[in-house]
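The structure appears below as structure tokens.
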Amino acid sequence: MSAPGRRQIDVVFSADEIARRVEEIAADIARREGRELFVIVVLKGSFVFAADLIRALDRAGVEARVDFITLSSYGKESASSGEVRLARDVSDDVRGRSVMIVDDILDTGRTLRFARDLMIDRGAATVRTCVLLDKPSNRVVDIAADHVGFTVGNQFVVGYGLDLGHLYRGLSYIGVLRQP
Ligand code: XMP
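Residue numbers (this note's numbering): 157 to 336.
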């Protein structure tokens, strides 16, 4: 039974599809990026993806040190605005480390570029990026992620950590909200 006011959702990527893809991404990271990584999870939307990814990385033989950064952009709930702000920093030094930035979705590209440039400026040895979803049609800045789960069209997706007004993060799948 759905909660009152909860909108209907069409599945875009099922829980099984996501689980398979996460294993593939982890295997690819293990092959291409070495066995010791400093994984920086961009909060909040990527916490579910990151939780699965770091365990898949462990199975793939990667030793991951994990830290979190909170970045926020101003603007409407479902649209990315121009300005990215560092709301909560990592607690460890990245200097000399092989950093892997993990984000939920690469949309305009501003958030990932901000995070990547910050880690480069701080002297990380290498900075790679991994996103579960890529929405290339909406890109504003020139950036591509090194590891991508799925490509999506220009639609607002929810679930598996992704939210609309902090709702829907707990869905085990990724979907689009039906028009009310
Ligand atoms: P940029 O535009 O900086 O944005 O690449 C990345 C952040 O914007 C949010 N975002 C979405 N969140 N469904 C969501 O729940 C979407 O379709 C979507 N598109 C962008 C998200 O927080 C992401 O980290």
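Ideal Cβ placement from N, Cα and C applies to all residues, glycine included.
Quick check: does the Cβ of V304 come within less than 7 Å of any heavy atom belonging to ligand 1?
Result no, Cβ not under 7 Å from ligand 1.
Taking 8 Å as the limit between beta carbons, can you name the residues of its chain near M157, skipping five residues before and five after?
Note that M157 scores a pLDDT of 48, beneath 50, so its modelled location is shaky; the value from the coordinates is reported in the next line. Scanning its chain for C-beta atoms nearer than 8 Å, with the 5 sequence neighbours on each side dropped, one finds no residue around M157.
Opening and closing residue of the alpha helix (DSSP H) in which A271 lies:
Element bounds for A271: 266 to 277.
Report the option in D263, T282, F270, L327 whose CA atom is closest to the CA atom of G309.
D263
Beta-carbon spacing of L242, L227 below 8 Å:
yes
Just mark Y316 as buried or exposed, buried being the case when its beta carbon has 16 or more other beta carbons within 10 Å.
Counting other Cβ atoms within 10 Å of its Cβ, Y316 reaches 16 or more and is therefore classed as buried.
Counting only runs of 4+ residues fully inside the region 161 to 232, write out the alpha helix (DSSP H) ranges in chain order.
171 to 189, 203 to 215
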